[in-house]
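K.L.:
Using numbering that gives the first Met the number 0, the letters of the sequence shown map in sequence onto residues 0 to 458.
For every residue, glycine included, the Cβ atom is placed at its ideal position computed from N, Cα and C.
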Amino acid sequence: MTTIDYVEIPSSATRLRSAQSHDIRPAPKIVTSLPRPEHSPARASPATSQPMSPTRATSNLTSMLLSSALQLPANAPAAPRTQGKGAPRLLSNKDPLSLPITTVNFKRFVSKSGPIFWLQDRVEEIVLWKKSWKDTLVWMAAYAFICYFPRLVLLVPHAIALGILLATHPAIKGKEGADSSSPKVVQASPPNQAGETSVDYLANLQAIQNLMGVVSDGHDFAMQFAPYWTYSSPYTSLILSFVLVSFLALVPLVNLIPMRTSCLILGLLPFFVTHPFTQHKLFPALQRSGAMLNTLRERVMRFIDDDKLEDKHWRTELREVELWENERWVRDASSGSGDPTKAEGTWSKNNLRPGERLAWTRGRDGWSGVADDGSGQVSSNLTFSLSPGWTFVETEDWRPDLAGSWAAPEGADESGWVYSNDSWLDTHPHPLEEWMSGGGMTRRRRWTRRIYYRPQSPV
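(1) So I450 packs on V320, CB below 8 Å; how close in whole Å?
(2) Under the three-state reduction of DSSP, which class applies to Y418: helix, strand or coil?
(3) Thinking C-alpha only, which one of Y452, P428, P454, R453 is nearest R442?
(4) Would you mind working out which of A358, V213, T426, R445 sits nearest L401, comparing C-alpha positions?
(5) Quick one: Cα of W423 to Cα of L267, how far?
(6) Straight-line CA distance for D134 to V152?
(7) Go through its chain and collect everything with a Cβ distance to P27's Cβ below 8 Å, but skip five positions before and after it.
(8) Residue range of the alpha helix (DSSP H) that N203 falls in?
(9) Just list the beta strand (DSSP E) runs in the stretch 252 to 339, keeping only unbroken ones of 3 residues or longer that don't cross its boundaries, in chain order.
(10) One question on the structure: do W405 and R363 come within less than 8 Å of each other, judged by their Cβ atoms?
(11) Could you name each continuous alpha helix (DSSP H) segment of 4 residues or more that falls completely within the stretch 126 to 168, going from the start of the chain to the end?
(12) Is R363 helix, strand or coil by DSSP?
(13) Quick test of the definition: if touching needs 3 or more C-beta pairs under 8 Å, does the stretch 111 to 122 touch the stretch 239 to 250?
(14) I'd like the list of long-range same chain contacts for E395, defined as Cβ closer than 6 Å, with 5 residues on each side in sequence excluded.
(15) Mind checking whether W359 and W328 have CB atoms under 8 Å apart?
(16) Which stretch, first to last residue, makes up the beta strand (DSSP E) that contains G344?
(17) Strictly by DSSP, which residues pair up with I238?
(18) For the 8 Å Cβ check, are there 3 or more pairs between the stretch 96 to 114 and the stretch 196 to 203?
(19) Nearest-angstrom Cα distance between W138 and Q278?
(20) Can you tell which of W132, V155, S131 has the C-alpha that lies nearest to the C-alpha of Y142?
(21) I need the straight-line Cα distance from S436 to T345, nearest angstrom please.
(22) Return the CA-CA distance between I264 and C146, expressed in angstroms with no decimal places.
(23) For T390 and N325, what's the separation of their Cα atoms in angstroms?
(24) Measuring straight from C-alpha to C-alpha, what distance separates P149 and R259?
(25) Any idea if M460 is buried or exposed, counting beta-carbon neighbours within 10 angstroms, 16 or more meaning buried?
(26) Given a threshold of 16 other Cβ atoms within 10 Å of its Cβ, counted over all protein chains shown, does P25 qualify as buried or as exposed?
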């Protein structure tokens, strides 16, 4: 609460005088709360009695992370404006960019975003067959029923509302109020947010962290194909022709496609792909039968790299250099309970034994190591010597050999790793159970990068 006692009386104001004594009547003090507009997103929660000050806001982990990420200058403008005619402008009633406002809103979002990630976990349980095969089959049957009667999708909001009301009914939960003759008992409202020190708050923060990573990975993956849609690639005209021809060819065929059957197949396909039998039996069998999938992925990556090459790269000679990544598996002493099929462990370069191959080597034999930082670990700036006149292609980076052509005919796993025994022999695309029981496994992965010849200009 604050008192309005800081208002200066203008010199042009007329003072009020009492009718009896004609003296100056003092203005009454009015006590009021600080202004808190309803549209302000920095509004504190009802459980907070006072607004959070910048000092208190920056004293916790959330505030420190936000302050290090934002790096706001001291003279930051209230709202960024874009100059130019027709340029978008922010609305004037929005709050300015501020670290205290960002901190308060982020903390409120973390405490109130639990239902979003709860729903995400429930969907994953159903789609990935994690909870029970009976529950997943029930949802599959419900989806098939909606596909057969598609107009029932309009009743889905009502079904969700009824499900929530019935699930929280006192009679179903065994609480008081089940008897209709008894007076109605009003249940307490559920908490609207999680405390900052609670497990739920930390779980929401972890889910937001992982969601930010997924969104960033998805954006980076999609941006690889952006040049093909923005006429930044010579293949854009071919894509336009293909899309136009296929569109005109599919126009008369749209009415012939059975929509109910198509929606049913496409909707149930994810359940088939995520089934444990498909994941642990069918897909590994397909991978063992051949490295077609990895080869296709590698060709797509190479196609993208070729499209990024400049004219100077095509006009000269291109070669490929290789680098080998080595790791060792160490079994956890408390895992497995004596069962080798349930043994757990960690893959790491730190598990490599003294005297054996280094974490990164130039040759397949594992003995021609590359320069490191003195501790056996290669720094982020890898020292890789090339012959005079040769240099790395600037538009691409190191790529893993996903097909594992050097370990033919076995090949590699989906990440390009080739597994071997404790002595780096007997290569396989997947680790064997006897290696787990013996406690010794190793693996290698081949990385490649292209170089091109650029003659040194005379001095």
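P.N.:
Quick answer:
(1) Working through the sequence shown from its first residue, we reach residue 450 at position 451. Working through the sequence shown from its first residue, we reach residue 320 at position 321. Confirmed, Cβ separation roughly 6 Å.
(2) Within the sequence shown, residue 418 is the residue found at index 419, counting from 1. Reduced to three states, the DSSP call for Y418 is strand.
(3) Here the question's residue 442 lines up with position 443 in the sequence shown. Looking from the CA of R442, the closest CA among Y452, P428, P454, R453 belongs to P428.
(4) Residue numbering aside, residue 401 sits at position 402 when the sequence shown is read from its first letter. When each option's Cα is compared against that of L401, the closest is R445.
(5) For the purposes of this step, residue 423 is taken as residue 424 along the sequence shown, with counting starting at 1. For the purposes of this step, residue 267 is taken as residue 268 along the sequence shown, with counting starting at 1. Annotation: W423 to L267 spans about 43 Å, alpha carbon to alpha carbon.
(6) Mapped onto the sequence shown, residue 134 falls at position 135. Mapped onto the sequence shown, residue 152 falls at position 153. Between D134 and V152, the C-alpha separation is close to 20 Å.
(7) Translated into positions along the sequence shown, residue 27 becomes position 28. Caution applies to P27, whose pLDDT of 41 falls short of 50 and renders its modelled position unreliable; the value that the coordinates give is listed next. Nothing listed; no residue qualifies.
(8) Counting from 1 along the sequence shown, the entry for residue 203 is found at position 204. Counted as a single uninterrupted DSSP element, the alpha helix (DSSP H) harbouring N203 occupies residues 198 to 222.
(9) The DSSP assignment places 317 to 330 as complete runs of the beta strand (DSSP E) inside the stretch 252 to 339, in order along the chain (cut-off: 3 residues).
(10) The residue labelled residue 405 in the question sits at position 406 within the sequence shown. The residue labelled residue 363 in the question sits at position 364 within the sequence shown. Their beta carbons are under 8 Å apart, which means W405 touches R363 by this criterion.
(11) Those alpha helix (DSSP H) runs which fall completely within the stretch 126 to 168 and span 4+ residues are 132 to 147, 155 to 166.
(12) On the sequence shown, position 364 is the one that residue 363 refers to. R363 carries a coil assignment under DSSP once its states are collapsed to helix, strand and coil.
(13) Counting Cβ pairs under 8 Å, fewer than three are found: no touch.
(14) Within the sequence shown, residue 395 is the residue found at index 396, counting from 1. Closer than 6 Å at the Cβ level, and outside the excluded window around E395, lie D304.
(15) Locating residue 359 in the sequence shown gives position 360, counting from the first residue. Locating residue 328 in the sequence shown gives position 329, counting from the first residue. Contact: no.
(16) Mapped onto the sequence shown, residue 344 falls at position 345. Element bounds for G344: 344 to 347.
(17) The count along the sequence shown starts at 1 and reaches residue 238 at position 239. I238 is not bridged to any residue.
(18) The stretch 96 to 114 is in contact with the stretch 196 to 203.
(19) Looking up residue 138 in the sequence shown gives position 139. Looking up residue 278 in the sequence shown gives position 279. The alpha-carbon separation between W138 and Q278 amounts to approximately 20 Å.
(20) Within the sequence shown, numbered from 1, the residue matching residue 142 stands at position 143. Nearest of W132, V155, S131 to Y142, Cα basis: V155.
(21) The residue you call residue 436 lines up with position 437 of the sequence shown. The residue you call residue 345 lines up with position 346 of the sequence shown. The straight-line gap from Cα to Cα measures roughly 14 Å.
(22) Start at 1 with the first residue of the sequence shown, and residue 264 comes out as number 265. Start at 1 with the first residue of the sequence shown, and residue 146 comes out as number 147. Each residue's alpha carbon lies about 10 Å from the other.
(23) Stepping through the sequence shown from its first residue, residue 390 is reached at position 391. Stepping through the sequence shown from its first residue, residue 325 is reached at position 326. For T390 and N325, the distance between alpha carbons rounds to 25 Å.
(24) Counting from one through the sequence shown, the residue named residue 149 turns up at place 150. Counting from one through the sequence shown, the residue named residue 259 turns up at place 260. Take the alpha-carbon of P149 and the one of R259: they are about 8 Å apart.
(25) Look at the range of the chain in this structure, 0 to 458, and you will see that residue 460 is not part of it.
(26) As a first step, residue 25 is located in the sequence shown; it is residue number 26 there, counting from the start. Note that P25 scores a pLDDT of 49, beneath 50, so its modelled location is shaky; the value from the coordinates is reported in the next line. By the neighbour-count rule (16 or more Cβ atoms within 10 Å), P25 is not buried but exposed.
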